[in-house]
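> Numbering (full-length UniProt numbering), first residue to last: 176 to 397. We treat Cβ as the ideally placed atom computed from N, Cα and C, and that holds for glycine.
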Amino acid sequence: VAVKNLAGKRILVTAGGTREALDPVRYIGNRSSGKQGLAIARAAAARGASVTLIGANLEVHAAATESLSVVHVGSTLELEAAVTTAAPDADVVIMAAAVADYRPDSVAQSKIKKETQGDTLQLTLVKNPDILVGLAATRAPGQLIIGFAAETEQQRDALVELGRAKIARKGADYLVLNRVGWTEGFATDGNAVIVLDRAGDIVSEASGSKASVAERILDLLL
Ligand code: C5P
176 VAVKNLAGKR ILVTAGGTRE ALDPVRYIGN RSSGKQGLAI ARAAAARGAS
226 VTLIGANLEV HAAATESLSV VHVGSTLELE AAVTTAAPDA DVVIMAAAVA
276 DYRPDSVAQS KIKKETQGDT LQLTLVKNPD ILVGLAATRA PGQLIIGFAA
326 ETEQQRDALV ELGRAKIARK GADYLVLNRV GWTEGFATDG NAVIVLDRAG
376 DIVSEASGSK ASVAERILDL LL
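1) D276: beta carbon under 7 Å from a heavy atom of the ligand C5P?
2) Report yes if the CB atom of L243 is closer than 8 Å to the CB atom of V274, and no otherwise.
3) Residues with a Cβ closer than 5 Å to any heavy atom of the ligand C5P, in chain order?
4) Ignoring anything shorter than 4 residues, give me the alpha helix (DSSP H) runs that lie fully in the segment 231 to 304, in order along the chain.
5) Are there 16 or more other CB atoms within 10 angstroms of the CB of E290, so buried, or fewer, so exposed?
6) Out of S225, A214, T193, which has the shortest C-alpha to C-alpha gap to A182?
7) Helix, strand or coil: how does DSSP classify S178 here?
8) Please state whether DSSP places S207 in a helix, a strand or coil.
9) With R331 as the anchor, note down where its alpha helix (DSSP H) starts and where it stops.
10) Could you pull the start and end residues of the alpha helix (DSSP H) that G309 belongs to?
11) In terms of alpha-carbon separation, which member of L310, E390, E380, T358 lies closest to S208?
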């Protein structure tokens, strides 16, 4: 039984990966499963927090019996709208979702057909809003914001350097850095993270199951 050391806290967690529609049947997406975000939401609820989980195309789901309030979204703009609605009521926002940086500039109203496209198909993408940057810039006093960064840098120093630049740019209080790749990070049951604070200092490192990594991330809130 978990110690209820987050009782009375309202925690908003985003998880999964956003998808950007190309046409009614296709999208551009990423391989985030939502496992780490769901593990954080579960662990926070077990510690007594009141938890809202905004899930983007989750491949894993909470049972109906779990005390999580879940909102489902698809695209980045839907995620942004849901986060904007829920964030003012949260003491802590944990942005674990993998958000598409770009979306197609227009969505075809019917299926794009190879018969009319020829041998190449050109897509134009436009930049999505950075939800985390917006959140940090407009946060209520006292609200704590945790960002994530999934990167493919293999060298630890390079990974941490990139994280330092990212937390400065984003304005979050903590940044949870993890390596992702063809076989690492996304969709797996384990994870390894390095957590940076605003000063860019390493304040925590954790590896193991996504459930155990979730506990170490929540320990930051104590
Ligand atoms: O810039 P990058 O995608 O690496 O940043 C990752 C962090 O920023 C994650 O916490 C993610 O949820 C958030 N993010 C966002 N909106 C975007 C891109 C990323 O909130 N458009």
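Based on what the coordinates show:
1) yes
2) no
3) M270, A272, V274, N303, D305, I306, L307, G322, F323, A324
4) 251 to 261, 289 to 292
5) exposed
6) S225
7) What sits at residue 178 in the sequence shown is Val, not Ser. Note: V178 maps to coil in three-state DSSP.
8) coil
9) 331 to 345
10) 306 to 313
11) T358
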